[in-house]
Amino acid sequence: MLSIVWFRRDLRCEDHPALYEAIKRQSPILPLFICPESPMGKWPLGAASRSWLHDALVGLQTQLIQLNSKLIVAKGEYLLILKSIIEKTQADSLYFNRSYEPDQIKWDKKITAELSSEGIYVESCNDLLCNPQEIRSQSGTVYKVFTPFYKAFQKQVDVAKPHKNPKKLASPSSWPKSLAIDDLNLLPKIKWDTSIKKFWKPTQDQAKKNLKQFSENAVENYIEDRDQPALRGGSCLSPYLAFGQISPRVIYHHLQNQYKKSRNQSHRNNVEAFLRQLVWREFAYNILIHFPNTTDKSLDQRFDQIKWKTNKKHLMAWQKGLTGYPIVDAGMRQLWKVGWMHNRVRMIVASFLVKDCQIHWRQGARWFWDTLVDADLANNSLGWQWAAGSGADAAPYYRVFNPILQGKKFDPEGNYVKKFLPELKDLPKRWIHEPFNAPENILQQAGITLGKNYPNPIVDHNQARLDYLAFVKESRDETK
DNA sequence: TGAAATGTTGGGGCG
DNA sequence: ACGCCCCAACATTTC
Numbered sequence: 304m305l306s307i308v309w310f311r312r313d314l315r316c317e318d319h320p321a322l323y324e325a326i327k328r329q330s331p332i333l334p335l336f337i338c339p340e341s342p343m344g345k346w347p348l349g350a351a352s353r354s355w356l357h358d359a360l361v362g363l364q365t366q367l368i369q370l371n372s373k374l375i376v377a378k379g380e381y382l383l384i385l386k387s388i389i390e391k392t393q394a395d396s397l398y399f400n401r402s403y404e405p406d407q408i409k410w411d412k413k414i415t416a417e418l419s420s421e422g423i424y425v426e427s428c429n430d431l432l433c434n435p436q437e438i439r440s441q442s443g444t445v446y447k448v449f450t451p452f453y454k455a456f457q458k459q460v461d462v463a464k465p466h467k468n469p470k471k472l473a474s475p476s477s478w479p480k481s482l483a484i485d486d487l488n489l490l491p492k493i494k495w496d497t498s499i500k501k502f503w504k505p506t507q508d509q510a511k512k513n514l515k516q517f518s519e520n521a522v523e524n525y526i527e528d529r530d531q532p533a534l535r536g537g538s539c540l541s542p543y544l545a546f547g548q549i550s551p552r553v554i555y556h557h558l559q560n561q562y563k564k565s566r567n568q569s570h571r572n573n574v575e576a577f578l579r580q581l582v583w584r585e586f587a588y589n590i591l592i593h594f595p596n597t598t599d600k601s602l603d604q605r606f607d608q609i610k611w612k613t614n615k616k617h618l619m620a621w622q623k624g625l626t627g628y629p630i631v632d633a634g635m636r637q638l639w640k641v642g643w644m645h646n647r648v649r650m651i652v653a654s655f656l657v658k659d660c661q662i663h664w665r666q667g668a669r670w671f672w673d674t675l676v677d678a679d680l681a682n683n684s685l686g687w688q689w690a691a692g693s694g695a696d697a698a699p700y701y702r703v704f705n706p707i708l709q710g711k712k713f714d715p716e717g718n719y720v721k722k723f724l725p726e727l728k729d730l731p732k733r734w735i736h737e738p739f740n741a742p743e744n745i746l747q748q749a750g751i752t753l754g755k756n757y758p759n760p761i762v763d764h765n766q767a768r769l770d771y772l773a774f775v776k777e778s779r780d781e782t783k
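Using our numbering, the letters of the first sequence correspond one by one to residues 304 to 783.
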């Protein structure tokens, strides 16, 4: 007997459902990771994610060694690799946690069918808080709006308690050959990721530290602080969740226990607000499972009929953080530098790309996919479609964010903007979100020459808003 | 998980 | 002292 545990985006050993099931079988275990040699779907990992993946694999390998085991690393097409390892090792079963990415589902179905027909036992496990397929309304329909989904979740779901940590894994009688993690060439050749690694430590230990710190401190003011990008108001767990370095159930129960113990109503409210965000992730998977083409197509397909612009200059200005709107530029430069962006700012920059620049949300989703260390197909697709107003629980199309007002509201001191746009550091806060409206002498004193060391706005927001509303209305009338 | 347009109110300047 | 008007400030409506 030998069980292969195939690790994918669940790079940990603690509370790992597939590993747990394999251990229950009391057979030796062969932990495996397969890196595709060429893209095996429409959404191969982006550059920032690949760098993170490298470190996460190193961490997993270390953890497995501590469990008296090791990680076998291979490169190639999934089915071929699995078959060759099965042949070499005489493994008789395969365990993995389910992926809900449409391309991966296709592979997993094929692999399951083929290996089962050869007598291999294949078991896939759920690694979310709930099984999203089971959450339906009373009439059996799929939820497309978050709030009713959330209510149903609260009513129906009993989140599984985390499994006990494994102490030791039984090894196979002989180990197959493995590549070194470095052989996967996941790290970029030009070391642009050093600034990312200054902010992030992609280890499981750091994930635990972040959870501890968040639950002991930041969660107290979560509702108030989460919308202020200058603060560290969130949990900073998203990349760890995206790569499965921490289990969502561990996070959920850790905070749920606090919630139960707390008699302080404000504390309870804050914890609940955070847990609600975790359920957004489940909702995103719910949508991805039932509408798998929403990674590329608008859920409201009228939005794909609109004649979106292909303005390369605007797209590039947005990507580089050179739009002339400080809150947008600060966000885009944070993304480039840190591999991550504050959620409030994600909404602002998304609104700007889609509405002010009239560029299809797909372009933004692609850029985020390539640059975010927490890139998650379900979350990314839902987030963009939400912002564009084209998808599930969509903001109405006429809801256009005003980058100046959003800046003033959520970064009133301009600390966030100044952090990522040092060229504006001497601008008084009165003008920090609208340098283009500042009196000439103020700009001069701050050492700013618009068009030279900080760009003029690439669009006039008020005009762009009117253009966009007319543009969408016209397109909608045509497709009625 | 908006913002602009429109409506209402109330304090204070002013004739 | 009174009413009129202006216009913040806030509330409501609309897209």
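Note that beta-carbon positions come from the ideal geometry of N, C-alpha and C, so glycine has one too.
None of these values were measured; they are calculated from a predicted model.
In this structure, the CA atom of Asp-496 is about 7 Å from the CA atom of Ala-351. Here the alpha carbon of Tyr-398 sits roughly 17 Å from the alpha carbon of Leu-383.
In chain order, Ile-651, Val-652, Phe-655 and Pro-706 place their CB closer than 7 Å to the CB of Val-631, counting only its own chain and leaving out the 5 sequence neighbours on each side.
Partner residues in the beta bridge of Asn-400, as assigned by DSSP, are Cys-428. For Pro-479, no beta strand (DSSP E) segment is defined, and its DSSP state is neither H nor E. In this structure, Asp-696 and Lys-447 form a Cβ contact; the two beta carbons are roughly 7 Å apart against a cut-off of 8 Å.
Contact check for Leu-360 and Ile-484: beta-carbon distance about 5 Å, within the 8 Å limit, so the pair qualifies. Collapsing the DSSP output to three states places Ala-394 in coil.
Burial check for Ser-442: the Cβ neighbour count within 10 Å stays below 16, so the residue is exposed. DSSP places Trp-309 in the strand class (E or B) of the three-state scheme.
CA-CA distance, Ile-423 to Lys-412, rounds to 14 Å. Nearest in C-alpha terms to Glu-404, of all of Leu-675, Arg-552, Phe-774 and Thr-598, is Thr-598. Beta bridge pairing from DSSP links Phe-452 with no other residue.
By the criterion of a C-beta distance shorter than 6 Å, Phe-671 is surrounded in its chain by Asn-683, once the five residues flanking it on both sides are discounted.
Cβ-Cβ distances below 7 Å link Asp-313 to His-319, Asn-400, Asp-430 and Gly-547 in the same chain, with the five nearest sequence neighbours on each side left out; the list follows chain order. Nearest to Tyr-543 by alpha-carbon distance, out of Ile-408, Trp-355 and Gln-580, is Trp-355. By the Cβ rule, the segment 636-645 does not count as touching the segment 601-611, because fewer than three pairs are nearer than 8 Å. According to DSSP, residue pairing for Leu-753 in a beta bridge involves Tyr-757. Below 8 Å, enough C-beta pairs join the segment 715-726 and the segment 739-759 to call them touching: three or more. Look at the beta carbons and you see the segment 526-537 not touching the segment 658-665: under three pairs across the two are nearer than 8 Å. Under the DSSP assignment, Pro-334 falls in the beta strand (DSSP E) whose first and last residues are 332-338. In the three-state scheme derived from DSSP, where H, G and I count as helix and E and B as strand, Lys-732 is classed as helix. DSSP links Ile-630 through a beta bridge to no other residue. Counting along the chain, Lys-512 sits inside the alpha helix (DSSP H) bounded by residues 507-519.
For Ile-307, the closest alpha carbon among the candidates Trp-478, Trp-687, Val-775 and Gln-366 is that of Trp-478.
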